[in-house]
Amino acid sequence: MYVNEMEENETVVHELRQIDLVPSHYKRPLISSPFFPRQREFVETDTYIPWSGYSSVDVFSSVEQEYFTIRNAASVFDLTPMVKYSVRGPDAEKYLDRLVTRDVKKIKPNRVAYTVWCNDAGHVIDDGTIFRLSATEFRVCTAERQLDWFLYSAIGFNVEVAEVTQDIAALALQGPTSCLVLRMLGLQGVELLKPFDIGHFTLHGYPLMVSRTGFTGDLGYELWMAPENAIAFWDALMIAGEGRGIRPIGYQALEMARIEAGFILPNVEFVSAEHTIRLNRDRSPFELGLDWLVDLKKGHFNGRRALLAEKEKGSRQRLVGIEIEGNKPAHHALIYSSADAEKQIGAVTSALWSPTCKRNIALAMLDAPYFDGKAEMWAEIYLHRELVWERRMCKCKIVERPFFAPERRRQTPAPDR
Amino acid sequence: MSTPINAKTFDCIVIGAGHNGLTSAAYLAKAGKSVLVLEAQHQVGGAAATRSFAPGFSVSSCAHLLHGLPEKLITELDLHKYGLQFAAESLPTYSLCAEGNPVRILNGAAHGNQLSEKDKAAYAAFIKKMNKFAAVMLHILNMVPPRLSLEEWSERINMLTVGWKVRSLGKRNMREFLRIIGMNMYDLLTEHFDNELLRGAIGMDAALGAEHGPRSPGTVLNYLYRLAGEVAAGKKGTAQPKGGMSNLSNALANAVKAAGGEIRTNTRVERIAVTDDRVSGVVLASGETITAGAVLSNADPETTLLKLLGAAHLDTGFVRKVHHVRNHGKAAKLHIALSGKPEFKGFKADAVPGRLIVSPSIDYLELSFNPSKYREVPREPSMEISIPTLSDPTLAPNGKHILSAIVQFVPYDLGADPTAARAALTENIISTLERYAPAIRSQIIALELLTPRDLEAEFGMSGGHWHHAALSFDQFFFTRPVPGAAQFETPLTGLYLCGAGAHPGGGVMGIAGRNAAKKLLSGGRYVRK
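In order, the protein sequence lines correspond to chains V and R. Using my numbering, read the first sequence as starting at 1324 and increasing by one per residue. Using my numbering, read the second sequence as starting at 192 and increasing by one per residue.
Spelled out as structure tokens, the structure:
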């Protein structure tokens, strides 16, 4: 490149920056969470994955240790990359009620609700959580970026929608000693928060929002703060958790807990209806086994008419929890109606040998009518053993979800261990 | 919803007494439905009405000539019996020439001493061929568009008839039809003619009501749409209702009433009422609720769906489509009160009235379009002029005249200084007119210019577009105005579109209104329940 050309380019970049079109990280596509300076001290494996534009830790030291921290102590997971939107205004409740499948009118201030939202055809675009902060203020956490859909949905509503992902730092503190750690931190009364409650605390002079929510199916909390307080909070949390087994965890350990809790993951259990290309790759909430999230009586919402029709006609398939014989995880296994693998009736979406349940579990999408569980089911599992592939046909059956559901996840006041 | 027990419930409420609303109402009432038409203005007609614009001067305030009122509509609704009268029929078209040598077009023939024999023959052959294509187009315009899923047999048969109509043109003509349908008018005209006045005038037929100049793809569609109307209109050709457009609208209103329908003017609908995810009637600005099994809206799709119904009753994807309907019109309306008869160059004193086209060449037409792309007004506008007082002196005081014109390619958004833009446009129009009628400036008593934004305000058309939704391939037939509402039914059970935004589109043809009524009466998806 010639010198003048470079100069010219720099001028263009400079001009663009003046109007804020060039983000400062254009030379580095992934940004770091405000907790990163502290996390880096813990990362032994140097494995990171991209998550919503952030560089996120995959494994700190060992997946097993991190997983058992979730189930036996207090795990700390950096939630900052989760996409967050602020929804506020006189019509905020009406707007969200039309947007999502659940009845938002029933969410009281300082409560959280998990929900999905659909397109016109009643197919799921994404899932996420709605935090009701007041009568007219909400925060919506989503798996993928939704601003386009959210803004189009705002036509005709007196509501302001803005992405606030970078304005909020967040950690998930999950595990049996998580409540104790927060009490040691000085959050008085935090044990009284019921599942899906939101509490507001002040710590060393800065505000901290605590919600009793999580992605592990265990006792746990999510902690929300301004990015400038992230480092101070991390340090205080680690001190409070000393002796209670506190440990930062990466994405892989969380994924194990997620499957045990039976939660679905976008792009694993379903592809967003806004992204699918092929016919019949969209999934409705009914097909994902999320009937309990769909309130057909609350009034009109996106996809309602299509979902009513599906309800009448019956779903083409359904996501179920299954248990497979043996101990080999059924990753990507096809499911057949007989051991001779003649007729495929579904496929596994997520699989795990559950260390806590000591069961071979999986989430699987089954075709109608096989999700009624009346017929035999066989999983075709491939094992890669020192470069040799082996195939096993393992009998499986539909079981209740969540696979792991400890009492403590629901107990209030929350137990200390 | 609280409704007084003795309140009357209608089978159908029609929002808006535009000519399409009245047409729907007339067909529904004739079929035995109880119908109520609600009109916000003090008179019926919407954009097909007559009103005063200067003391003693009355004019058709939006549409001013009937070129495509179907013969079938007049017969089926017996409109002559109900008062429809024409002050003039078979009006010729003149392509005005600054040198005073206009080209005259009538009944498939072009005349004028500057036309070559070759062009005269070419025109006769051209219009004969185009009329065949227009007949195919008319078949499409008169249809309830099939849904693309083609779930029902009737839809498959409908679709087949379209194919059959095109095929039955014969191999050569079918090929030609398919070749030109997506083309631009400029290329089509330069293929056929040498004479600029001829090209300019025919080009204007493709430009009227459009938002693109003749060099834009899809303008042949607009031309064939207009021509289909002319085929439907039959022998009367381009006609001028006696007393202006209100004559037609009043005749339609009389037909509605004679069939037992009710019409209430000065009655503004505030919103469409919904009960259990189904239309239940309307709520008036007065607060009164009127219940009905079905509501047909003559209002444009944006007004109907996003304002009167509201996005809360619709899905985001559908709202997104409605929101993106292109409906910014570029046709302005000009009314001038004249102290005497305007003298156009090349016309004898006793010249018959006609349609006067200011579009002396196809390039002129394109150049008059260009500024509108940049929110600027045309320096030399293209116009369709009518002097209605020549055949209907009752519209103006004795000896005085009216010039009514459609001025093409006036942008909806007049830029940073709309007042200055309007003043500049007025001057551009007058100086353009002076080229053809040199004394006209001194004859002006009063002048009214309605830009698309004014038309929007006066007639309640979002975007001020006379088609309510631009007439282009992406908003035509089974995607008009948007997929999900292209069969006159909307996603809300019982709510129908019957205005220009529905298939086939605008122009005073009444076809959209007739189609909507036909759909409802044939037992639409929702009525059948």
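Heads up, the beta-carbon is just placed ideally off N, CA and C, and yes, glycines get one too.
Classify residue i as helix, strand or coil using the three-state DSSP reduction.
| i | result |
| --- | --- |
| S1501(V) | helix |
| E1578(V) | helix |
| E1633(V) | helix |
| A1728(V) | coil |
| V1326(V) | With a pLDDT of only 44 at V1326(V), under the threshold of 50, the placement of this residue in the model should not be trusted; the figure read from the coordinates follows. In the structure shown, V1326(V) sits in a helix (DSSP, three-state: H, G or I). |
| F1651(V) | Per the sequence shown, residue 1651(V) should be read as Lys rather than Phe. Here K1651(V) sits in coil by DSSP. |
| Q1388(V) | helix |
| E680(R) | strand |
| L1686(V) | strand |
| Y603(R) | coil |
| R462(R) | strand |
| F1586(V) | coil |
| W1701(V) | strand |
| P408(R) | coil |
| V357(R) | helix |
| L529(R) | strand |
| W657(R) | coil |
Report yes if the C-beta distance between residue i and residue j is below 8 Å; otherwise report no.
| i | j | result |
| --- | --- | --- |
| L529(R) | G435(R) | no |
| G1498(V) | R1394(V) | yes |
| R686(R) | V486(R) | Residue identity check: residue 686(R) is Leu in the sequence provided, not Arg. Taking 8 Å as the Cβ cut-off, L686(R) and V486(R) qualify as a contacting pair. |
| Q599(R) | S573(R) | yes |
| F1524(V) | V1435(V) | no |
| K521(R) | P643(R) | yes |
| N441(R) | C689(R) | no |
| P336(R) | A677(R) | yes |
| E1460(V) | A1495(V) | no |
| C1717(V) | A1702(V) | yes |
| A449(R) | P261(R) | no |
| G1649(V) | I1658(V) | no |
Rounded to the nearest angstrom, what separates residue i and residue j at their Cα positions?
| i | j | result |
| --- | --- | --- |
| K1517(V) | T495(R) | 46 Å |
| L213(R) | V1410(V) | 44 Å |
| R1361(V) | C1464(V) | 24 Å |
| K710(R) | E453(R) | 21 Å |
| V1617(V) | F1538(V) | 20 Å |
| K323(R) | M700(R) | 19 Å |
| R366(R) | H383(R) | 17 Å |
| R632(R) | E387(R) | 27 Å |
| P1404(V) | I1587(V) | 18 Å |
| Q232(R) | A693(R) | 22 Å |
| V205(R) | E461(R) | 13 Å |
| P1373(V) | S1379(V) | 6 Å |
| L268(R) | K536(R) | 42 Å |
| M1700(V) | F1726(V) | 19 Å |
| G373(R) | F1359(V) | 58 Å |
| K1666(V) | S1660(V) | 6 Å |
| N304(R) | N292(R) | 8 Å |
Mind listing the chain R neighbours of residue i? Cutoff is C-beta to C-beta under 7 Å, in chain order.
| i | result |
| --- | --- |
| H1623(V) | D468, A503, H504 |
| R1421(V) | A503 |
What does residue i reach in chain V if we use C-beta pairs closer than 9 Å?
| i | result |
| --- | --- |
| L497(R) | I1478, G1479 |
Report buried or exposed for residue i, applying the criterion of at least 16 other Cβ atoms within 10 angstroms of its Cβ.
| i | result |
| --- | --- |
| S722(R) | The first residue shown for chain R is 192 and the last is 720, placing residue 722(R) beyond what the model contains. |
| S653(R) | buried |
| T1424(V) | buried |
| Q431(R) | buried |
| H1707(V) | exposed |
| L1510(V) | buried |
| W657(R) | buried |
| L1619(V) | exposed |
| N1625(V) | buried |
| I1645(V) | buried |
| P1432(V) | exposed |
| S345(R) | exposed |
Using a C-beta to C-beta distance shorter than 8 Å, which residues of chain R count as neighbours of residue i?
| i | result |
| --- | --- |
| G1626(V) | D506 |
Residue i CB to nearest chain B CB: under 8 Å?
| i | result |
| --- | --- |
| V510(R) | The structure shown contains no chain B; its protein chains are V and R. |
Can you pull the chain R residues whose beta carbon is under 9 Å from the beta carbon of residue i, in chain order?
| i | result |
| --- | --- |
| Y1475(V) | T507, G508, V510, R511, H514 |
Residue i touches chain V at which residues, Cβ-Cβ below 8 Å?
| i | result |
| --- | --- |
| P674(R) | Under the 8 Å cutoff, chain V gives no residues; its nearest Cβ is about 10 Å from P674(R). |
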